């Protein structure tokens, strides 16, 4: 933590395209940055592929202008990480919160949806509170929405506790996954690593996450359909996409093609992509998509002591 209260002017977005053309990640997390007004210069950006990490700052307000900037940056392949900015409010009088998070780009920031709904500031940037009656009406709506959310959350928690207690010896992690998904995770891997996939990865996941539904191409792909059709169908029917990245994977044209399909389908539908790195990798053998993916999405190394704990946790989100 460097105690920054504003985005450094030396890192002005106007110069990123020329000065930092090879930039893939800019980490200014865990500071005291309070506003996103510096994003207003995003029009100077060319097409780039990188992440701006603003997590764990003190950003309290998300305006319509900020959302427009986030949308523009998304179209330039720039992802802004706004997680863990506690107490953030949205000025939702000037835009439809639900509609924003249904868009393709808005789904990338779906983790802000509850924040905006539960912490909805009805004042616009330039207006004062219109009237006490209007304020009370909006407050009442927010109260009843929050109360309903609280009741629903409580019921889900009770259900969760009940299901966990049914299997005391297992690792107590539940997969809170979409009821609409046929699978909890689609696993992309090289057939050369099949032994580790089935004997270690699948065995541990199915043993420690009760009821998890895994999709594996050699087991679940539909006979007669093309490879591309099977990959797209599997990703569409899965909440998460797990890519097991190994030396065998990077050398296989089949795996490269499968990864490309998985990666671009994930970008298109904003699916949750998780990369697992097994063994040592030669960075020079990684193509652009894989390199960008590792720098942008969640990745876990099997060699890490807490690998399994982290994997169970990320699959439960």
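Numbering (the working numbering), first residue to last: 17 to 333.
Quick reminder that beta carbons are idealized off the backbone N, C-alpha and C, glycines included.
All figures in this text were calculated on a predicted structure; none of them were measured in a lab.
Inter-residue Cα distance where the pair is residue i and residue j
i, j, result
"residue 256", "residue 202", "6 Å"
"residue 218", "residue 233", "13 Å"
"residue 24", "residue 317", "32 Å"
"residue 75", "residue 129", "15 Å"
"residue 308", "residue 267", "18 Å"
"residue 272", "residue 242", "16 Å"
"residue 49", "residue 244", "44 Å"
"residue 72", "residue 240", "49 Å"
"residue 209", "residue 228", "21 Å"
"residue 253", "residue 220", "22 Å"
"residue 51", "residue 329", "31 Å"
"residue 320", "residue 295", "11 Å"
"residue 310", "residue 106", "31 Å"
"residue 275", "residue 204", "7 Å"
"residue 260", "residue 277", "15 Å"
"residue 125", "residue 315", "19 Å"
"residue 238", "residue 86", "39 Å"
"residue 89", "residue 79", "15 Å"
"residue 55", "residue 291", "29 Å"
"residue 22", "residue 118", "30 Å"
"residue 304", "residue 293", "16 Å"
"residue 95", "residue 236", "33 Å"
"residue 197", "residue 249", "11 Å"
"residue 81", "residue 101", "18 Å"
"residue 77", "residue 104", "5 Å"
Per-residue burial, residue i [other beta carbons within 10 Å of its own, 16 or more giving buried]
i, result
"residue 251", "buried"
"residue 327", "buried"
"residue 20", "exposed"
"residue 247", "buried"
"residue 53", "exposed"
"residue 331", "buried"
"residue 5", "Nothing can be reported for residue 5, as the shown portion of the chain is limited to 17 through 333."
"residue 112", "exposed"
"residue 152", "Confidence is the limiting factor: at residue 152 the pLDDT is only 44, short of 50, which leaves the residue's position unreliable and the question unanswerable from this model."
"residue 322", "exposed"
Candidates the options: closest to residue i by CA position
i, options, result
"residue 83", "259, 72 and 116", "116"
"residue 91", "199, 118, 52 and 122", "122"
"residue 45", "95, 237, 89 and 99", "99"
"residue 226", "293, 200 and 239", "200"
"residue 289", "300, 306 and 302", "306"
"residue 206", "269, 310, 55 and 236", "269"
"residue 93", "280, 259, 223 and 315", "280"
"residue 302", "96, 263, 78 and 222", "263"
"residue 223", "324, 237, 265 and 79", "324"
"residue 97", "249, 127, 291 and 304", "127"
"residue 265", "101, 103 and 299", "299"
The ligand NAD heavy atom lying under 7 Å from the CB of residue i
i, result
"residue 292", "For the ligand NAD, the structure offers nothing, since it holds no ligand at all."
Span of the beta strand (DSSP E), counted from its first residue to its last, around residue i
i, result
"residue 200", "199–204"
"residue 291", "288–293"
"residue 43", "41–43"
"residue 327", "It is not in any beta strand (DSSP E) - residue 327 instead sits in the alpha helix (DSSP H) that spans 323–331."
"residue 67", "66–69"
"residue 96", "94–97"
Start-to-end residues for the alpha helix (DSSP H) that takes in residue i
i, result
"residue 85", "80–91"
"residue 266", "263–267"
"residue 49", "Note, residue 49: premise wrong, no alpha helix (DSSP H); not H, not E."
"residue 221", "219–224"
"residue 308", "304–312"
"residue 228", "No alpha helix (DSSP H) holds residue 228; DSSP gives it neither H nor E."
"residue 246", "243–252"
Min CB distance residue i to chain C below 8 Å
i, result
"residue 296", "The chain labelled as chain C is not found in the depicted structure, where only one protein chain is given."
**Message:** Does the stretch 39–52 come into contact with the stretch 65–76, if we say contact requires no fewer than three beta-carbon pairs (one atom in each stretch) closer than 8 Å?
**Reply:** yes
**Asked** Can you find at least 3 beta carbon pairs, one from the stretch 229–248 and one from the stretch 209–218, that sit closer than 8 Å?
**Response** Output reads yes: the stretch 209–218 touches the stretch 229–248.
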